[in-house]
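Visitor: Let me give you the structure first, and then I'll get to my questions.
Residue numbers (the numbering used here), protein chains in the order written: chain A, 616 to 1207; chain B, 24 to 416.
Here it is, written out as structure tokens:
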């Protein structure tokens, strides 16, 4: 242990602890900007500088490890003056027109300016307006005038996601965060995952918002506006509306959506269950083709395809392996194509007049909805995608006191779901849901895990593996008798890349791989509340599994609306109708 | 005070070519002996920061690492310095010998010369020297090898951690310290990184013993140093002088009779006005009375025909462009200083805005991430302090 003094208070911490962490232990807050718990230490904003007695310079608390006998002051005059100067400097090159900023009210720089009462701006204004705004992507807007060059986005994009769409260009006063040859975001390897957005301290990287268009649709009497909500929205939304992280707000959210004026409030969880039917069947089909029939046209391992950030990453990075990806559309897009076919027919509305809105914990979903192949209903399957944050904004704009809302239920058809669908929102959830159904389909018995909880695939470890032994199978599945189904779960694109490289090089053998672009899965998605970090991810994850346990139906194939849709409309999984509406294809994309 | 008369030295460029014999001598001695000689000599880093060289080698030799590296910093980018270029042109074997000695002591098999991009014209000759040197090493059964690495032209890459980032194929940006390169350097391995001149001095020390070097200079500033003399001087060039000289003595020898200021240490250094020539000594901060200025060796003289406003503006324009842009105080601070003096000169900001900027220089010195960032405001504070009226009128 290392002993030191912070502001006169003794503290003893483990060697290797930073000054920032030691101060945290004493409940002393040191302001930070470039620091983020998810990311490696940069030490470049210098807002966290503190005084170390005996040192000529101030040191960055985030980047400096403690040493024995240190005496530290976090609020001495020297520190205060320097910190104030640094905040003023940041403001001087920042477009501080806060009232016109999307992040107004949730900006770390704004908070600091307020805390330090920066009321006068003595320094010259360097934000001359020569900055560019890139709003060509359907998902993400990059506004350089709001950028404080903390490089959180760069570290996120490079280290956490191994995408490298964003990097630092130029030096000195010209230094900025840029893309390959300064191309617009939509033209580079960006996966639209939005992790840069939830890691940006200011309004430099934000989602492209479709709030106004959704309001317009709601106000149009000729339109039937249907909304679907993704699994992870119900466990994140509360955070944006003054509730604690990890609070489940499914009923309140449904209630709020109805009050906003949506004509029908339905659930992406329904199509998550449908995904399991299709994807589970596809997996069994591939197993049979590859292991029994020697047909490798649809090879193993099969990877999941629900995460549009992952899908685009895959198209850029592993174009030679496109056939390994499940052809299933994501639940959002399955919902979209059914909304304007099955659902339209059921409620007898011209699909032309249906506006299909989705609320997603995701920015990549905006891109996904825009993909030209996502028009199998004959219309744009999903018209507008909102993030969890955008929904919260609409609820606030409507003057709804969210915390006091009564709980309401989803409308039906395409509103019922199982616990297996809910856990799609957590990394490992698709795998678990698929196993619950596939195992039962093959053996006629429930998965051999207590309460159906397949613990080995849960948690926040970057890559997790599980092997499920299949025994005493039903007659139709004899070829799987005694087989060991090898599964792998990875989240965060850096982990995804590692796993897929190993698959490509033949270093590992899996049958089924679940990959989510965002750390934690959708619960940590790029459209989720800011901030997001591991502590918060854990809370959201607990909420997801609690929600699963609270539901009567825990397996996708037992969802009565699923049974009904196959009976009335789809026929059978992987059937003709399914192929038309629920499956898709992938395309090679350039690496730059 | 300048009690010492200016003493010209001829060690570095002395025509000596007994590399073979020196290396044999070095390789015969124990590492401990060699380090003690280096520490005993009082040699400090000649790039400008002045870290004791012997201690640096000792720390690296003690650091744990399956591999270690020696890097010669030849990214001579400070405006007004051009001595390393001459060393590498005229006596490269001395530098190579210093590197090999260091490699032997710390346990490195590989050395790199990080050569400034603009010095690529030195490469063919330097490579020839390296090839010859490798032959000598081979004959002495040493497997130490040296490679040239070409820089790409960023000023910041003269800062040691940025230099290593750049060598590793990344953007040249300073790292957080600690850890220092002696522990975690190039490719994460313990690394000695020394200025060209420092390594050349090692030759002298190992050849003649530490005393010859230590007898030169004063107190904490031992030995001799190369100075790149430029500006308003009739005798511009490179000179080896004893450390600890008074600036007055220097100006008496090198000035044109009308010197109003000397910029010591290049754009990142300090400007000393005429009235402070006597009390200013050139050497590392130690027990010297009066002001002591460490320097990488750039000495720019300005006579009364020069506008110090223009001089300052020129430096600030340089930094505004050459700051790596990573940390706030350096990136934004440099822009504020530059645009600030311009605004005062134009009359858009009142005179006392200079005081605000002077306080800003304090913040920049206290909070910038790297050694360069901490020194970019030196020219501003020393010029504005001494030539305030020139900034205004």
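Note that beta-carbon positions come from the ideal geometry of N, C-alpha and C, so glycine has one too.
Kindly say whether residue 793 (chain A), judged by its beta-carbon, lies nearer than 8 Å to any beta-carbon of chain B.
Guide: Not closer than 8 Å to any Cβ of chain B, the Cβ of residue 793 (chain A) fails to qualify, so no.
Visitor: Just the Cα atoms here: how many angstroms apart are residue 383 (chain B) and residue 730 (chain A)?
Guide: Looking at the two C-alpha atoms, the distance is approximately 20 Å.
Visitor: Report the CB separation of residue 1086 (chain A) from residue 1097 (chain A) in whole angstroms; it is logged as a contact under 8 Å.
Guide: Yes, they are in contact, since the Cβ atoms of residue 1086 (chain A) and residue 1097 (chain A) sit about 6 Å apart, within 8 Å.
Visitor: Count the other C-beta atoms from every protein chain shown that fall within 10 angstroms of the C-beta of residue 789 (chain A), then say buried if there are 16 or more, exposed otherwise.
Guide: The residue is exposed, with fewer than 16 neighbouring Cβ atoms inside 10 Å.
Visitor: For residue 1084 (chain A), write down the residues that DSSP places opposite it in a beta bridge.
Guide: Per DSSP, A:1099.
Visitor: What three-state label does DSSP hand residue 619 (chain A) in the structure shown?
Guide: Three-state result, residue 619 (chain A): strand.
Visitor: What's the C-alpha gap between residue 854 (chain A) and residue 415 (chain B)?
Guide: Cα-Cα distance, rounded: 54 Å.
Visitor: Counting along the chain, where does the beta strand (DSSP E) carrying residue 56 (chain B) start and finish?
Guide: Per DSSP, residue 56 (chain B) belongs to no beta strand (DSSP E); it is in the alpha helix (DSSP H), 54–64.
Visitor: Give the straight-line distance between the Cα atoms of residue 1161 (chain A) and residue 1042 (chain A), rounded to the nearest whole angstrom.
Guide: Whole-angstrom Cα-Cα distance: 15 Å.
Visitor: Can the beta-carbon of residue 576 (chain A) be found closer than 8 Å to that of residue 763 (chain A)?
Guide: Residue 576 (chain A) lies beyond the range of chain A shown here (616 to 1207); nothing can be said about it.
Visitor: For residue 373 (chain B), which residues in the same chain have their Cβ closer than 8 Å to its Cβ, ignoring the five residues on either side in sequence?
Guide: Excluding sequence neighbours, residue 373 (chain B) sits near 367.
Visitor: At 7 Å on the CB atoms, spell out the chain A contacts of residue 125 (chain B), in chain order.
Guide: Per Cβ cutoff of 7 Å: no residues; residue 125 (chain B) is ~28 Å from chain A at best.
Visitor: Do three or more CB pairs link the stretch 1130–1149 of chain A to the stretch 826–841 of chain A at distances below 8 Å?
Guide: The stretch 1130–1149 of chain A, when compared against the stretch 826–841 of chain A, does not touch it at the 8 Å Cβ threshold.
Visitor: What's the gap between the Cα of residue 147 (chain B) and the Cα of residue 140 (chain B)?
Guide: The alpha-carbon atoms of residue 147 (chain B) and residue 140 (chain B) are separated by roughly 14 Å.
Visitor: Let me confirm a value: residue 409 (chain B) is counted as buried when at least 16 other C-beta atoms fall within 10 Å, else exposed. Which label applies?
Guide: Buried, since its Cβ has 16 or more Cβ neighbours within 10 Å.
Visitor: Under a CB-based cut-off of 8 Å, is residue 968 (chain A) close to chain B?
Guide: It does not; no Cβ of chain B falls within 8 Å.
Visitor: Tell me the rounded alpha-carbon separation between residue 201 (chain B) and residue 680 (chain A).
Guide: Residue 201 (chain B) and residue 680 (chain A): Cα-Cα distance of roughly 8 Å.
Visitor: Out of B:129, B:114 and B:33, which has the shortest C-alpha to C-alpha gap to residue 212 (chain B)?
Guide: Taking only the C-alpha atoms, the option nearest residue 212 (chain B) is B:129.
Visitor: In chain B, what lies closer than 9 Å to residue 760 (chain A) by C-beta?
Guide: Neighbours of residue 760 (chain A) on chain B: none; closest Cβ ~14 Å, over 9 Å.
Visitor: Can you find a CB in chain B that lies within less than 8 Å of the CB of residue 708 (chain A)?
Guide: Yes, residue 708 (chain A) counts as interfacial toward chain B.
Visitor: Check for me: the beta strand (DSSP E) holding residue 323 (chain B) runs from which residue to which?
Guide: Taken as a continuous stretch (DSSP letters only), the beta strand (DSSP E) holding residue 323 (chain B) covers 321–326.
Visitor: Could you spell out the range, first to last residue, of the alpha helix (DSSP H) harbouring residue 168 (chain B)?
Guide: Careful: residue 168 (chain B) lies outside any alpha helix (DSSP H), inside the beta strand (DSSP E) at 168–173.
Visitor: Can you tell which of A:819, A:1202 and A:867 has its C-alpha closest to the C-alpha of residue 716 (chain A)?
Guide: Minimum Cα distance to residue 716 (chain A) is reached at A:819.
Visitor: Of the choices A:684, A:1118, A:792 and A:806, whose alpha-carbon is the least far from that of residue 923 (chain A)?
Guide: Taking only the C-alpha atoms, the option nearest residue 923 (chain A) is A:806.
Visitor: Name, please, each residue of chain B whose Cβ falls closer than 7 Å to the Cβ of residue 654 (chain A).
Guide: Correct list: empty, because the minimum Cβ distance to chain B is about 14 Å.
Visitor: Using a threshold of 8 Å, state whether the C-beta atoms of residue 80 (chain B) and residue 219 (chain B) are closer than that.
Guide: No; because the gap between Cβ atoms is not below 8 Å, this pair is not in contact.
Visitor: Between the alpha carbons of residue 1056 (chain A) and residue 775 (chain A), how many angstroms are there, rounded?
Guide: Taking the straight line from one Cα to the other gives about 37 Å.
Visitor: In terms of DSSP beta bridges, what is residue 303 (chain B) paired with?
Guide: B:314, per the DSSP bridge assignment.
Visitor: Spatial neighbours of residue 1073 (chain A) within its chain, please: C-beta separation below 6 Å, excluding the five flanking residues on both sides.
Guide: The residues are 1043.
Visitor: Would you report the Cα separation of residue 561 (chain A) and residue 948 (chain A), rounded to the nearest angstrom?
Guide: Coverage of chain A is limited to positions 616 through 1207, which leaves residue 561 (chain A) absent and any answer about it impossible.
Visitor: Secondary structure at residue 811 (chain A), three-state DSSP: helix, strand or coil?
Guide: Helix at residue 811 (chain A).
Visitor: Would a check of beta-carbon distances place residue 738 (chain A) closer than 8 Å to chain D?
Guide: Judged by its chain identifiers, the structure shown contains no chain D, and its protein chains are A and B.
Visitor: When you compare only the Cα positions, how much space is there between residue 778 (chain A) and residue 687 (chain A)?
Guide: So the two alpha carbons sit approximately 39 Å from each other.
Visitor: Work out the CA separation of residue 814 (chain A) and residue 261 (chain B) for me, nearest whole Å.
Guide: Looking at the two C-alpha atoms, the distance is approximately 51 Å.
Visitor: Leaving aside the five residues before and after residue 274 (chain B) along the sequence, list all residues of the same chain whose C-beta is less than 6 Å from its C-beta, in chain order.
Guide: Taken in chain order, the residues that qualify are 282 and 300.
Visitor: Does any residue of chain A bring its CB to less than 8 Å from the CB of residue 201 (chain B)?
Guide: By this cut-off, residue 201 (chain B) is an interface position.
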